[in-house]
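For the sequence shown, the residue numbers in our numbering are 2 to 174.
Take a look at the structure below.
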Amino acid sequence: MKLSEWIVPALLCLTGVYGLARRVDVYGALTKGAEEGLGVMLRILPSLVGLLTAVYMFRASGAMDCFARLLSPLLTRFGIPEECAPLLLVRPISGSGALAVGSELMARCGVDSYAGRVAAVMLGSSETTFYTVAVYYGAAGITKTRYTIPAALIADLVMFLLSACAVRLFFTS
2 MKLSEWIVPA
12 LLCLTGVYGL
22 ARRVDVYGAL
32 TKGAEEGLGV
42 MLRILPSLVG
52 LLTAVYMFRA
62 SGAMDCFARL
72 LSPLLTRFGI
82 PEECAPLLLV
92 RPISGSGALA
102 VGSELMARCG
112 VDSYAGRVAA
122 VMLGSSETTF
132 YTVAVYYGAA
142 GITKTRYTIP
152 AALIADLVMF
162 LLSACAVRLF
172 FTS
């Protein structure tokens with residue numbers, strides 16, 4: 002067996018032994034933590050259901066493809082291939098949706114194509130802004146996001162532009 006296969010079980014055992022040495026009710030702490038986790042899940046579930054429904058409707062309605070076609074001339078000026086426009090739209094909303102769009106793009110264009118490499122860098126260097134805000138703000142009970150979403154979307158846009166620059170700089174000859 003490899004060492005990496007033992008890390009998680011060893012950490013769990015060490016945590017239990019440490020808790021017992023400090024005279025902590027390890028099982029009680031575990032069940033209390035699970036109970037609190039279920040409470041957090043119940044608080045954020047409505048936000049997640051609404052967000053995932055909106056993402057599905059956005060893709061199924063054809064609005065995502067329409068916006069992508071509208072944005073593609075502007076994006077190509079910045080070096081982002083038009084095939085990556087749907088990814089740019091869905092990535093801030095849904096990580097799984099972005100992976101689906103990215104895998105479709107790579108199946109169509111190829112993983113070593115310019116569009117495939119830009120998509121890979123975009124997937125690795127940006128955040129699912131709305132999902133993250135829904136989960137963390139929902140868990141903390143924060144209802145007003147104030148400047149969080151605009152700042153995060155600007156950061157995502159900068160990363161998308163830098164993705165194309167990085168691929169052009171490092172992967173094209």
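C-beta: ideal position from N, C-alpha, C; glycine also.
Keep in mind the model is a prediction, meaning the values are calculated, not measured.
**Asked** Looking only at its own chain, which residues have a Cβ that is under 8 Å from the Cβ of G142, when we skip the five neighbours before and after it?
**Response** On the sequence shown, position 141 is the one that residue 142 refers to. For G142, where only same-chain residues beyond five positions count, the Cβ hits under 8 Å are R44.
**Item:** Selected residue, minimal CA-CA separation from V136, among L53, L76, D26
**Value:** Translated into positions along the sequence shown, residue 136 becomes position 135. Looking at the Cα atoms, L53 is the closest of the given residues.
**Request:** Please report how far the alpha carbon of K144 lies from the alpha carbon of V134, in whole angstroms.
**Result:** To locate residue 144, count along the sequence shown from 1; it is residue 143. To locate residue 134, count along the sequence shown from 1; it is residue 133. It is worth fixing the name first, because residue 144 is Thr in this sequence and not Lys. C-alpha separation (whole angstroms): 10 Å.
**Prompt:** Which residues mark the beginning and the end of the alpha helix (DSSP H) in which S48 is found?
**Reply:** Your numbering for residue 48 matches position 47 in the sequence shown. That run of the alpha helix (DSSP H) goes 27-61.
**Sequence-distant residues of the same chain with beta carbon closer than 8 Å to F79, five excluded per side** = As a working note, residue 79 is residue 78 in the sequence shown. Same-chain partners within the cutoff: L162, A165.
**Message:** Looking only at its chain, what residues have a beta carbon closer than 8 Å to the beta carbon of V56, apart from the 5 residues adjacent to it on each side?
**Reply:** To locate residue 56, count along the sequence shown from 1; it is residue 55. A distance below 8 Å between beta-carbons, with the five flanking residues on each side excluded, links V56 to the following residues of its chain, in chain order: V91, I94, S95, G98.
**P139, buried or exposed, once every other Cβ within 10 Å from all chains shown has been counted against 16** = By 1-based counting over the sequence shown, the position of residue 139 is 138. For clarity, residue 139 is Gly in the given sequence; the question names Pro instead. Under the 10 Å beta carbon count, G139 is surrounded by 16 or more other beta carbons and is classified as buried.
**Message:** Let's test the definition: count the other Cβ atoms within 10 Å of the Cβ of S127 and tell me whether it reaches 16, buried, or not, exposed.
**Reply:** Within the sequence shown, numbered from 1, the residue matching residue 127 stands at position 126. So S127 counts as buried.
**Message:** Once DSSP output is grouped into helix, strand and coil, what is the label at E83?
**Reply:** Here residue 83 refers to the residue found at position 82 of the sequence shown. For E83, the three-state secondary structure derived from DSSP is helix.
**Y19 to E36 span [Cα, whole Å]** = Position 18 of the sequence shown, counted from the start, is the residue given in the question as residue 19. Position 35 of the sequence shown, counted from the start, is the residue given in the question as residue 36. Those two C-alpha atoms are separated by around 22 Å.
**Message:** Comparing C-alpha positions only, which one of G117, C85, L21 sits nearest to D66?
**Reply:** Numbered from 1 along the sequence shown, position 65 holds the residue referred to as residue 66. Of the listed residues, the one whose Cα sits closest to D66 is C85.
**Request:** State the Cα-Cα distance for the pair P82 and K3, rounded to the nearest angstrom.
**Result:** Here residue 82 refers to the residue found at position 81 of the sequence shown. Here residue 3 refers to the residue found at position 2 of the sequence shown. Put simply, the backbone Cα of P82 is about 42 Å away from that of K3.
**Request:** Spatial neighbours of D157 within its chain, please: CB distance less than 8 Å, with the 5 preceding and 5 following residues excluded, ordered by chain position.
**Result:** Against the sequence shown, residue 157 aligns to sequence position 156. Contacts found: R92, P93, S127, E128, T130.
**Request:** Can you give me the Cβ contacts of I150 inside the same chain, cut-off strictly under 8 Å, excluding the 5 residues immediately before and after it?
**Result:** Within the sequence shown, the letter at position 149 stands for residue 150. Taking I150 as the centre and dropping the five residues before and after it, the same chain places the C-beta of T130, F131, V134 closer than 8 Å to its C-beta, in chain order.
**Prompt:** Looking at C-alpha atoms only, which residue of A153, A152, I155, V122 is the closest neighbour of L170?
**Reply:** In the sequence shown, residue 170 corresponds to position 169, counting from 1. That would be V122, whose Cα lies nearest to the Cα of L170.
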